[in-house]
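In our numbering, the protein residues as written are 224 to 336.
Note that the Cβ used here is the ideal one computed from N, Cα and C, for glycine as well.
Below is one structure, written out as structure tokens; the observations come after it.
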């Protein structure tokens, strides 16, 4: 898909470049070696692009997994604190803090709360 960017961009700019292309062909064709186009885009896929793509995919998957694990751990801790814990006032504050943390993680992951 990356190698087709030139074709797509060229078709988008074709109408805007029509008048300029005619001028270039009429007056500068020899100087431009027959490439009388006002717009051109060449895309090269370098070897590092593959590594970057793999790293991006790993980042997305591992980030999602880490978010899910974090949500599960916070929910587990909240459930544990609701069953046993210190005095009710402290337990309520801890539960509120854990619920807020869980909501933030869920929102970051795009999950409904």
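Asked, Found
"Residue 305 versus residue 274: straight-line alpha-carbon distance, rounded", "46 Å"
"Whole-angstrom distance between residue 267 and residue 238, CA atom to CA atom", "25 Å"
"Expected contact under 8 Å - CB spacing of residue 331 and residue 290 to nearest Å", "7 Å"
"Contact under 9 Å by Cβ, residue 209 with residue 300", "Nothing in the structure corresponds to residue 209, since the chain is present only between 224 and 336."
"Beta-carbon gap between residue 329 and residue 294 smaller than 9 Å", "yes"
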